[in-house]
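For reference, the structure discussed in these notes is given below.
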Amino acid sequence: MANEEVLVAYKDGLQIITFNRPKKLNSISLESYDRLTEALKEAVERDDVKITVVTGAGSYFSAGNDFSNPPTEDMEGTLRKNLAVLSKFMNTLIDHPKLLVAVVNGPAIGIAVTMLSHFDLIYASEKATFHTPFSSLGLCAEGCSSYMFPRVLGKSLAAKMLYFNYKMSAIEAKEVGFVAELFNINSLAKIYEDLKSYTNLPVNSLMASKRLLRKHDREALKAVNAFELEELIERFMSEDFLNAMMQMMSKRSKSKL
1 MANEEVLVAY KDGLQIITFN RPKKLNSISL ESYDRLTEAL KEAVERDDVK
51 ITVVTGAGSY FSAGNDFSNP PTEDMEGTLR KNLAVLSKFM NTLIDHPKLL
101 VAVVNGPAIG IAVTMLSHFD LIYASEKATF HTPFSSLGLC AEGCSSYMFP
151 RVLGKSLAAK MLYFNYKMSA IEAKEVGFVA ELFNINSLAK IYEDLKSYTN
201 LPVNSLMASK RLLRKHDREA LKAVNAFELE ELIERFMSED FLNAMMQMMS
251 KRSKSKL
C-alpha cells in the first residue's frame, strides 16, 4: 500500500516529493522517513530523474518530527530504534548524488529546517519561516545543524537559531544566502519552469560538480549525525523534554475545549 503521507511524482526530468499531512502541518512520522529514504534511492536508480524536488502540501512545508506518540515503555530501546530510521534517512540525504532542490511553500520547523542545509538549492515562499526550537523542547541540534549551520548561516545567526529558538524569515534567509530565490503564488509556476529547463543540462556534469563540492564534508557529516543522535537520546529521556511534552499536550487539550 502506498504511503500517502509522502507523495512521489515524476515529470519532465523532475522527481517531486511532497510532504502530504497538511492536517498535521506535514509533520514527519517514522513511516514518512522510510518513504523519503526509498524515494531518494529511487531517484538514483531512475535515469529519467535529473533533479529531486521536495515541497509540502497545504500551508506548511513541514512542522518537523511528529511527537504525537512518544514511547512509554523501554524508552531508550524505542528511541534507538526510531532514531536509526532518522539516521538512515540523513545518511541517504548526505549521499544523494543528484541535485536536491527544496520549494519551501510555508513554515519549516526543526528537522524540516536542518535537512535543508544539505540541499543544493532552496526556493522559499515569501511567507516561509525557518524555526529550530530545540532548546525550548529540551532537545539539541539535529540534522547535522551543529556542523552545517555555522557554515551556511554564519556563527552568530546559527547560535541564535540553535540556542535561542530564533525564527528566521524568508527575507533574512535570502539575505544570508540560505535561500536562492523567493516566490509568491503568482511566481511559483516559473520556479518549476526554471527547474524543468535545468533538467536539459547534462546530468553527469551536474553530479560531477556536486561530488566535488560535497566530497570533503560527506564522511564528516555522517560522523556529526551519529554524535547528534547519541546526544538526542539523552535529551529525549531528560526531564526537560518530558516537561515540554506535557506542556504541549496540555495546550492541545485546552484548545479542544
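Start counting the sequence shown at 1; every next residue gets the next number (full-length UniProt numbering). All C-beta atoms in this analysis are idealised placements derived from N, C-alpha and C, irrespective of residue type, glycine included. These figures come from a predicted structure and were not determined experimentally.
DSSP-derived helix/strand/coil call for residue i
| i | result |
| --- | --- |
| Met90 | helix |
| Asn165 | coil |
| Thr78 | helix |
| Asn204 | helix |
| Val113 | helix |
| Ser146 | helix |
| Asp47 | coil |
| Leu139 | coil |
| Leu25 | coil |
| Lys215 | coil |
| Met246 | helix |
| Ser68 | coil |
| Val152 | helix |
| Phe241 | helix |
| Leu199 | The amino acid at residue 199 is misidentified as Leu; the sequence shows Thr. DSSP places Thr199 in coil when its eight states are reduced to three. |
| Lys251 | helix |
| Val85 | helix |
| Glu31 | helix |
Where the beta strand (DSSP E) containing residue i begins and where it ends
| i | result |
| --- | --- |
| Ala102 | 99-104 |
| Ile185 | Element bounds for Ile185: n/a, residue is neither H nor E. |
| Lys11 | 6-11 |
Best match in the options for proximity to residue i [C-alpha to C-alpha]
| i | options | result |
| --- | --- | --- |
| Glu172 | Ser125, Ser146, Ala189 | Ser125 |
| Phe183 | Lys127, Asn65, Arg35 | Lys127 |
| Glu4 | Gly106, Leu14, Ala39, Lys11 | Ala39 |
| residue 281 | Leu232, Phe227, Val8 | Only positions 1 to 257 of the chain appear in the structure, and residue 281 is not among them; the question remains open. |
| Lys97 | His118, Val103, Ile17 | A small fix is needed here, since residue 97 is Pro in this sequence, not Lys. Closest option to Pro97, Cα to Cα, is His118. |
| Val179 | Ser169, Leu213, Lys41 | Ser169 |
| Ser27 | Tyr10, Ala43, Gly56, Thr52 | Gly56 |
| Ile109 | Lys222, Asp95, Leu99, Gly64 | Gly64 |
| Ala43 | Lys24, Leu93, Ala223 | Leu93 |
| Leu188 | Ile122, Ala220, Met245 | Ile122 |
| Phe149 | Asn243, Val224, Leu99 | Val224 |
| Pro22 | Tyr10, Lys251, Phe61 | Phe61 |
Boundaries of the alpha helix (DSSP H) in which residue i is found, first to last residue
| i | result |
| --- | --- |
| Glu230 | 218-236 |
| Glu73 | Here Glu73 belongs to no alpha helix (DSSP H), and DSSP marks it neither H nor E. |
Opposing strand residues paired with residue i [DSSP bridges]
| i | result |
| --- | --- |
| Ala108 | Ser62, Phe130 |
| Gly56 | Phe19 |
| Ile122 | Ala102 |
| Leu14 | Lys11, Ile51 |
Residue i: CB within 8 Å of a non-hydrogen atom of the ligand COA
| i | result |
| --- | --- |
| Asn91 | The ligand COA is not part of the structure shown, which contains no ligands of any sort. |
Given 8 Å, three or more beta-carbon pairs between the region 65-84 and the region 44-57 = no
Check whether the region 124-140 touches the region 233-249, counting contact only when three or more Cβ pairs, one atom from each stretch, lie closer than 8 Å.
-> Three or more beta-carbon pairs separated by less than 8 Å link the region 124-140 to the region 233-249, which places the two stretches in contact.
Check whether the region 145-163 touches the region 107-121, counting contact only when three or more Cβ pairs, one atom from each stretch, lie closer than 8 Å.
-> yes
Are the region 153-165 and the region 224-231 touching, with three or more C-beta to C-beta distances below 8 Å?
-> Fewer than three beta-carbon pairs drawn from the region 153-165 and the region 224-231 are found closer than 8 Å, and the two stretches are therefore not classed as touching.
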